[in-house]
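Residue numbers (the working numbering), protein chains in the order written: chain V, 7 to 263; chain D, 946 to 959.
Dropping the structure here:
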């Protein structure tokens, strides 16, 4: 038996919004540690990894590890039936083929129960080594979203150059070129507005904007985004979900031929 | 021309 309850459906709705354009199907792994998901997009260029820790739930019961195979589009559609303020319970029997989603209004006057058919999915899982990165940039998530969107008007790729004290995001295309320089904040009152740039060694890498724009669908989950970059390894774009976990995206770089 | 790498180039299947 698996059963968990979150005080606000909003966070799970936003998480589904962050995933559904990138992946069509996925498996939620349920264990005593919480819910987790890892899936590559169909082209095997990017990967999303979600962790929602037990401690962030109101209640969490998992008698036995289970895998819930879901169609993301279906799950997102059902989640949209919840109001943001509703509390939400997810429930599944150990060998069941249904996931129950129960939404309860804050005043307790309305309870909606949906049952979603689960799928038997065999999804490739990749081993992602823990590693130190050459550079880590933290910046307002809305600013990163804006940069990715704006540079998409110029080209298909963004070149990210990190040096001490700042980052250049640049794009080239048939119509022209663009360069956006973001400087590390010297003094900020609000942590959410801060830009921090940690540099162990400067890096310069190129990534497809198409995928970065998919990743920025997670913007409503967190005021800040972190970009971890090292030469010749996938970029990590991470959004922390307060008190609950994270959504992390990995994107393989483009290499000069 | 920049060529898109795949994730299998960096991570292996578990």
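Even glycine gets a Cβ: it sits at the ideal position worked out from N, Cα and C. None of the values given here were measured: they were computed from a predicted structure.
Taking the Cα positions, residue 226/V is about 7 Å away from residue 20/V. The three-state secondary structure of residue 7/V, taken from DSSP, is coil.
Taken in chain order, the complete alpha helix (DSSP H) segments of 4 residues or longer contained in the stretch 174-262 of chain V are 215-221. In the DSSP secondary-structure assignment, residue 105/V is bridged to 122/V. Considering only 23/V, 97/V, 244/V, 106/V, the residue with the shortest C-alpha distance to residue 86/V is 23/V. For residue 212/V, the nearest CB of chain D lies under 7 Å from its own CB, placing it at the interface with that chain.
Boundaries of the beta strand (DSSP E) around residue 37/V: 31-37. Residue 261/V is classed as exposed because its beta carbon has fewer than 16 other beta carbons within 10 Å across all chains shown.
Residue pairing for residue 68/V: DSSP places it in a beta bridge opposite 8/V. Counting only unbroken stretches of 4 or more residues, the alpha helix (DSSP H) elements lying wholly within the stretch 72-104 of chain V are 78-85, in sequence order.
Below 8 Å, enough C-beta pairs join the stretch 150-167 of chain V and the stretch 212-221 of chain V to call them touching: three or more. For residue 81/V, no chain D residue has a C-beta closer than 7 Å to its own C-beta; the minimum C-beta separation is roughly 24 Å. Between the C-alpha atoms of residue 256/V and residue 122/V there is a straight-line separation of about 29 Å. Of the residues assessed, residue 258/V falls on the buried side of the cut-off, its CB having 16 or more other CB atoms within 10 angstroms. With fewer than 16 other Cβ atoms from the protein chains shown falling within 10 Å of its own Cβ, residue 959/D counts as exposed.
For the 7 Å CB-CB criterion, residue 49/V and residue 29/V do not form a contact. Inter-segment contact for the stretch 137-146 of chain V and the stretch 194-203 of chain V is present: three or more beta-carbon pairs are separated by less than 8 Å. Of the candidates 133/V, 183/V, 94/V, 189/V, the residue whose Cα lies closest to the Cα of residue 112/V is 94/V. Annotated as proximal: residue 134/V and residue 956/D, with beta-carbon spacing under 7 Å. Residue 75/V is a Cβ neighbour of residue 33/V, given a cutoff of 7 Å.
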